[in-house]
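Residue numbers (our numbering): -6 to 113. Quick reminder that beta carbons are idealized off the backbone N, C-alpha and C, glycines included.
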């Protein structure tokens, strides 16, 4: 999953989840922050991505109250910080800053390329 990938893998993801100490945390990478409404619809959270009340209801039911703002170190989405703040304001979530990295994704991609070259 994209969150585990930018956090460094499964072990780091579990470590991050444990560090949240029971606080339901919804993670936002730059891509998620820019597209959270569409992603919520795709995930089946709501039929209308602009129905904030339904999304609030779903988040409350599953216990989310925090947004983990994962800075991946990549600057491909404009206004990342503002979009996370908007999301947190809509849902009354506190923001927790987290560091991420594309290193695991780059490593997997390089391994894939190496395997393609070797199989030719």
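In this structure, the straight-line span from the alpha carbon of residue 102 to that of residue 27 is close to 24 Å. CA-CA distance, residue 99 to residue 36, rounds to 26 Å.
When secondary structure is reduced to three states using DSSP, residue 64 falls in the strand class. Residue 90 is bridged by DSSP to 62. In this structure residue 90 touches residue 62 by the C-beta definition: roughly 5 Å separates them, less than 8 Å. In chain order, 17 place their CB closer than 8 Å to the CB of residue 56, counting only its own chain and leaving out the 5 sequence neighbours on each side. The continuous alpha helix (DSSP H) containing residue 9 extends over residues 3 to 12.
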